[in-house]
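According to the working numbering, numbering within the sequence shown proceeds without interruption in unit steps and concludes at 232. Backbone N, C-alpha and C define an ideal beta-carbon position, used for all residues, glycine too. Working notes, beginning with the structure itself.
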Amino acid sequence: MSFIFPPKAISAVPIKGSDQLYPVNRIYCVGQNYGDHVREMGGDPKKNSPVFFSKPANAIVINNKSVKYPTATDNFHYEVELVVALSSGGVNIPEELALNCVFGYAVGIDFTRRDLQILAKQSGRPWDVAKGFDQSAPISSIIEKAEMSNLSKVQISLSLNGELRQNSTLDEMIWSVSEIISELSKFYELQPGDLIFTGTPSGVSAAAAGDRVSAEISGIGDLNFEII
Ligand code: MN
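Below, the structure is given as structure tokens:
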């Protein structure tokens with residue numbers, strides 16, 4: 005049997021210091037994972053249960069390629085996030101084994117149509133059109149986890165046109181990487197190639213065509229691209 009048209013190439017992310025690529029299977033995201041960001045969005049940062057949503061695998065943008073300002077929004081927000089790349093998975097993974105599933109880390113942006121997300125929250129509708137659109141997930145190359153043994157005091161930051169807008173450390177996350185993997189695996193059988201965007205600190209705001217986004221997680225990676 006053949007395909008009725010040629011299938012799209014699989015999404016893939018470069019790996020730092022390697023000629024091989026990381027093939028993307030699925031993209032999961034965690035919402036409301038830094039207390040200061042939960043408060044700026046008008047919420048209460050109590051540790052209830054993590055908010056999960058997803059994006060299509062082909063929403064990634066690699067190699068600092070420019071991002072097109074999306075349709076259907078007047079409030080296009082950046083959110084800088086630690087991205088976890090899995091090389092194995094499972095279901096109901098215990099916290100103490102969760103890091104065994106991690107291949108490496110990257111820095112990513114969870115672009116958001118904030119106006120549509122606010123409407124969705126108000127009307128009790130799903131977040132899909134606010135979060136899962138084309139080019140909504142720029143990502144740096146991935147570094148292997150062996151190069152990053154301790155994430156706790158690592159700095160995460162984002163600048164817009166050279167002006168610092170988001171600046172925090174990874175130990176400010178409400179749910180740790182191990183806890184996120186364990187919780188997510190209660191709902192999905194996690195698989196090699198699954199990326200997890202782990203939430204953003206405070207300082208989110210709107211970006212426009214012509215703006216330059218630069219983001220960094222110390223020792224993990226950086227991004228520098230234009231919105232067009
Ligand atoms: Mn986010």
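Minimum Cα-Cα distance from Pro130 among the listed residues Val181, Glu148, Glu183, Phe57 corresponds to Phe57. Cβ atoms of Asp48 and Pro205 stay farther apart than 8 Å, at about 17 Å.
Leu227 is positioned such that its CB atom lies no closer than 8 Å to that of Val28.
Beyond the five residues adjoining it in sequence on each side, Glu220 comes within less than 6 Å, by CB distance, of Ser161, Asp226 in the same chain, given in chain order. Rounded to whole angstroms, the gap between the alpha carbons of Pro60 and Ser15 is 10 Å.
Contact check for Pro196 and Gly93: beta-carbon distance about 6 Å, within the 8 Å limit, so the pair qualifies. Under DSSP, Pro18 takes part in a beta bridge, and its partners are Leu25. For secondary structure counted as the alpha helix (DSSP H) over 4 or more consecutive residues, the stretch 80 to 112 holds these complete runs in sequence order: 99 to 102. Secondary structure of Val133 (DSSP, three-state): helix. With the rule of 3 Cβ pairs closer than 8 Å, the stretch 105 to 121 does not count as touching the stretch 172 to 180.
Every residue whose Cβ sits closer than 5 Å to any heavy atom of ligand 1 is listed here in chain order: Glu83, Asp114, Thr204. Relative to the Cα of Ser186, the nearest Cα in the group Ala102, Val55, Gln36, Tyr109 belongs to Ala102. Distances from the alpha-carbon of His81 to those of Ser218, Ser222, Ala211, Gly223 put Ala211 closest. Secondary structure of Gln126 (DSSP, three-state): helix. In the three-state reduction of the DSSP assignment, Ser156 falls in the coil class, being assigned neither a helical nor a strand state. In the three-state reduction of the DSSP assignment, Val208 falls in the coil class.
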